[in-house]
Amino acid sequence: MLMAKVVFGLNALTGRQIGYDGTTFGSWDLSNAEALIRYTVNNGYVIYGWELGNELSGRGIGTSVAAKQYASDTISLQNLVQKIYNGSQEKPIVLGPGGFFDANWFNVYVTEASGSLQVITQHIYNLGPGVDAHLVEKILNPSYLDGGSQPFRDLQNILKKSRTSTVAWVGEAGGAYNSGRNLVTNAFVFGFW
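Following our numbering, the numbering of the sequence shown begins with 20 at its first residue and continues without gaps.
Structure follows, in structure tokens:
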């Protein structure tokens, strides 16, 4: 029998107002997440972790949440998980932010949220967009692959300095973002990546 560990991503924009420039205002409304988490517990579903948000760190993708606010929301998620799973032998881990590395943003986030965060996740797509005219050349150039490790090393340094037990994961990666490019990222040449 196969056993999968399920991690759910939760919408971190619920309840927020979004400004014309993509910045957000207000706290995360956790009521929808609470209903989902309670549903999984009441039905006996084993959830390995709950991750707050997707690509909202730093400048974000279209919109962003300030690091201190995101940390506050992560603490709220951790408190919610502790409350709902009170008395349970196994409690899910809390993950976040699931976004692209921005040293200043991640430094603040780790400092503020580390006690409520078991795993910090980041996304790596160091080839850039799938529409890049030089995508094949990048795939065949090992320096682009090597470049993907620097943000992860930088995040590891932030975690070491903060003396947290939080560990870093690559939550999403794929070489080229925006679904890659037909006949390139789904072809033999991408095997070099």
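Think of the CB as a built atom: it goes at the ideal place given N, C-alpha and C, for glycine as much as any other residue. If you're wondering where the values come from, they're calculated on a predicted model, not measured in any experiment.
Query: Is A132 helix, strand or coil by DSSP?; Result: helix
Query: Between which two residues does the beta strand (DSSP E) harbouring T82 extend?; Result: Note, T82: premise wrong, no beta strand (DSSP E); not H, not E.
Query: Just to confirm, are G115 and I80 a CB contact at a threshold of 8 Å?; Result: no
Query: So A90 and Y144 are in contact, right, with Cβ under 8 Å, and what is the actual spacing, rounded?; Result: Not quite, the Cβ-Cβ distance comes to about 24 Å (not below 8 Å), so this is no contact.
Query: On the premise that N73 lies in contact with G28, defined as a C-beta separation below 8 Å, what is that separation, rounded to the nearest angstrom?; Result: 6 Å
Query: Terminal residues of the continuous alpha helix (DSSP H) containing G5?; Result: Here the chain comprises residues numbered 20 to 212, so residue 5 is not present and cannot be evaluated.
Query: Please report the residue range of the alpha helix (DSSP H) in which V60 lies.; Result: 50-61
Query: Which residue wins for smallest C-alpha separation from L71, given the options K179, S83, A23?; Result: S83
Query: For H142, does the count of other Cβ atoms within 10 angstroms reach 16, so buried, or fall short, so exposed?; Result: buried
Query: Label P170 either buried or exposed according to how many other C-beta atoms from any shown protein chain fall within 10 Å of its C-beta, with 16 as the threshold for buried.; Result: buried
Query: Quickly, what does DSSP pair W124 with across the bridge? List them, please.; Result: Beta-bridge pairing links W124 to no other residue.
Query: Within the same chain, show all residues whose beta-carbon is closer than 6 Å to that of I177, passing over the 5 residues directly before and after it, in chain order.; Result: F125, N126, V129
Query: According to DSSP, simplified to helix, strand and coil, what is Q88?; Result: helix
Query: Pull the bridge partners of L154 from the DSSP assignment, please.; Result: Per DSSP, none; premise fails for L154.
Query: Answer with buried or exposed for N52, where buried requires no fewer than 16 other C-beta atoms within 10 angstroms of its C-beta.; Result: Checking the sequence shown, residue 52 turns out to be Ala, not Asn. A52 comes out buried.
Query: Excluding five sequence neighbours on each side, which residues of the same chain lie with their C-beta closer than 6 Å to the C-beta of I56?; Result: I103
Query: Is the Cβ-Cβ distance between Y67 and V25 less than 8 Å?; Result: yes
Query: Do A31 and D92 have their beta-carbon atoms positioned less than 8 Å apart in this structure?; Result: yes
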